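Under the working numbering, the first residue of the sequence shown is numbered 444, with each subsequent residue one higher.
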Amino acid sequence: MADLIYVGRQSIYDRDFNVAAYELLYRSDSNNFVDIDDHGLATAELLSNVFTSIGFEDLVGDKPAFINMPREFLVGSYPIPDINSNIVIEILEHVEPDEEVMDALLILKKRGYTLALDDYIFDPLHEPFLKIVDIIKLDVADVGIDQLSQKIDQLKKYNVKLLAEKVETESEAEQCLAMGFDMFQGYYFSRPKIVTGRKISGNQISIVELANKLHQPNVEVSKLTELISHDVALSYKLLRYVNSAMYGFEREITSIDETVFILGLDTLVRLVHVVMAGSFSEDSTHILESALVRALMCEAMAVELDKKSEKGTYFMMGLFSRLDALLGVPLTEALEDLPIGEDVKQALLDGSGELGKVLSMVVDYCEGDISDVPAAPVDSKRLMEFYLDVVPMARQYVQFSH
Numbered sequence: 444m445a446d447l448i449y450v451g452r453q454s455i456y457d458r459d460f461n462v463a464a465y466e467l468l469y470r471s472d473s474n475n476f477v478d479i480d481d482h483g484l485a486t487a488e489l490l491s492n493v494f495t496s497i498g499f500e501d502l503v504g505d506k507p508a509f510i511n512m513p514r515e516f517l518v519g520s521y522p523i524p525d526i527n528s529n530i531v532i533e534i535l536e537h538v539e540p541d542e543e544v545m546d547a548l549l550i551l552k553k554r555g556y557t558l559a560l561d562d563y564i565f566d567p568l569h570e571p572f573l574k575i576v577d578i579i580k581l582d583v584a585d586v587g588i589d590q591l592s593q594k595i596d597q598l599k600k601y602n603v604k605l606l607a608e609k610v611e612t613e614s615e616a617e618q619c620l621a622m623g624f625d626m627f628q629g630y631y632f633s634r635p636k637i638v639t640g641r642k643i644s645g646n647q648i649s650i651v652e653l654a655n656k657l658h659q660p661n662v663e664v665s666k667l668t669e670l671i672s673h674d675v676a677l678s679y680k681l682l683r684y685v686n687s688a689m690y691g692f693e694r695e696i697t698s699i700d701e702t703v704f705i706l707g708l709d710t711l712v713r714l715v716h717v718v719m720a721g722s723f724s725e726d727s728t729h730i731l732e733s734a735l736v737r738a739l740m741c742e743a744m745a746v747e748l749d750k751k752s753e754k755g756t757y758f759m760m761g762l763f764s765r766l767d768a769l770l771g772v773p774l775t776e777a778l779e780d781l782p783i784g785e786d787v788k789q790a791l792l793d794g795s796g797e798l799g800k801v802l803s804m805v806v807d808y809c810e811g812d813i814s815d816v817p818a819a820p821v822d823s824k825r826l827m828e829f830y831l832d833v834v835p836m837a838r839q840y841v842q843f844s845h
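Now the structure itself:
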């Protein structure tokens, strides 16, 4: 029940050339190179991998960790892990110092985070950052060692530490040391190391527990918001979904509280289940789509059979009916550690109970075996209507899950 995940880790050195910190980098595979199209998604996945799969202390020990944070994380749209004494927030070079960003940085600074300005190239646009950050990172390769020696004095009036990055030769290291740099990073000292971990089932189970919480009759919205906010990747996907063209809001929705209110409980239940199923296997899109078709049909059946209050349970049952294919293990093993109701488990394992009858009917229809459908509580014409309605919806949810 686990997929491999990857995190890049590059050492940062002090003036004695001892390791003082690490930069943690998003990596999609074991290659030490990545082309990032969506910095928000990359940061969300990096944080998820670091804090829920590999473990922060296992990666950096008691050293600070530099982590790139795009604008949406800085202004609070997505959560930053609350271990402020050990995280150095790197402000990416394309972030502009507008009022919202500057106010957010002051709040983060008051909360105890260290702020670093990444790839500063002496652009006047970014000068407002210099009064608030603690560390300025200067790219030796971009600025040039000769230009650095001429311009570095401009920065010494600010109360900041200077970090030379992309230091690739002994000569560059010695010159940067002589210029007064406080920290050093680059291939001359060490290349990023790829740390491999596993996307463990414990994280998947926590999403299932959230899904179960959604089914409770008097669930508090504040509790749901808190649980969702603790999952960076889920928060990112929900905010991206609610800001998609499907909803068409004129302004950007930036908080989880507002997202939960807009989506409503029914849609939230579906989306949490979709993310949960997508986390089990990222390479089985066609299987996930067929599982979602079953799930949506089971949900439609719940409404048709006057069991609207249970439609989340019906949806989950249909989704989990393909869990064996998603995980590549027998269904009994796949269900072993998942905290789902006994009635759902029995329906999935042997088709027993009222839930089992509905699931069997849906599975038979989806697989083209309609011989027993006329005896079912819903006629075949109605089933066909359900099927035609849910197929495009299932495809949309597959896109959301990734």
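Note that the Cβ used here is the ideal one computed from N, Cα and C, for glycine as well.
Note that the structure is a prediction, hence the values are computed from the model and not measured.
Mapping the DSSP letters down to three states, classify Phe572 as helix, strand or coil. helix
Drop a sphere of 10 angstroms on the beta-carbon of Pro773, count the other beta-carbons inside from all chains shown, and report buried for 16 or more, exposed for fewer. exposed
For the beta strand (DSSP E) containing Val772, name the first residue and the last one. It is not in any beta strand (DSSP E) - Val772 carries neither H nor E in the DSSP assignment.
Can you check which of these residues, Ser672, Val717, Ile455 and Thr710, is closest to Tyr690 by C-alpha distance? Thr710
Asp541 versus Ile532: straight-line alpha-carbon distance, rounded: 17 Å
Indicate the three-state DSSP secondary structure (helix, strand or coil) for Val531 in the structure shown. strand
Where does Asp846 fall in DSSP's three states? Shown here, the chain extends from 444 to 845; a query on residue 846 therefore has no answer.
Taking C-beta to C-beta, are Glu732 and Val841 nearer than 8 Å? yes
For Asn661, the three-state DSSP class (helix, strand or coil): coil
N- and C-terminal bounds of the beta strand (DSSP E) containing Lys594: Looking at the DSSP string, Lys594 is not in any beta strand (DSSP E); the run it does join, the alpha helix (DSSP H), is Ile588 to Lys594.
Between which two residues does the beta strand (DSSP E) holding Phe758 run? Looking at the DSSP string, Phe758 is not in any beta strand (DSSP E); the run it does join, the alpha helix (DSSP H), is Lys754 to Phe763.
Might you give, ordered along the chain, the residues of its own chain that have their beta carbon closer than 7 Å to the beta carbon of Leu548, omitting 5 neighbours on each side? Leu517, Leu558 and Ile575
Counting along the chain, where does the beta strand (DSSP E) carrying Asp582 start and finish? Ile578 to Asp582
To the nearest angstrom, report how far apart Val678 and Asp767 are at their CA atoms. Reading off the sequence shown, one finds Ser at residue 678, where the question assumed Val. Their Cα atoms are separated by approximately 27 Å.
Close beta carbons around Val544, own chain, < 7 Å, minus the five adjacent residues each side: Arg514, Leu517, Val518 and Val538
For my contact list, Ile699 and Ile671 are in at a C-beta cut-off of 8 Å; report their separation, rounded to the angstrom. 5 Å
Going by DSSP, name the residue or residues bridged to Val450. Tyr469 and Val638
Between which two residues does the beta strand (DSSP E) carrying Leu605 extend? Lys604 to Glu608
In the DSSP output, what is Ile510 paired with across the bridge? Leu467 and Ile532
Nearest candidate by alpha-carbon position, reference Asn529, set Leu770, Val717, Glu488 and Ala463: Ala463
Can the beta-carbon of Val431 be found closer than 8 Å to that of Cys741? Summary: the structure shown does not reach residue 431, with the chain confined to residues 444 through 845, and so no result is reported for it.
In three-state DSSP terms, what is Val462? strand
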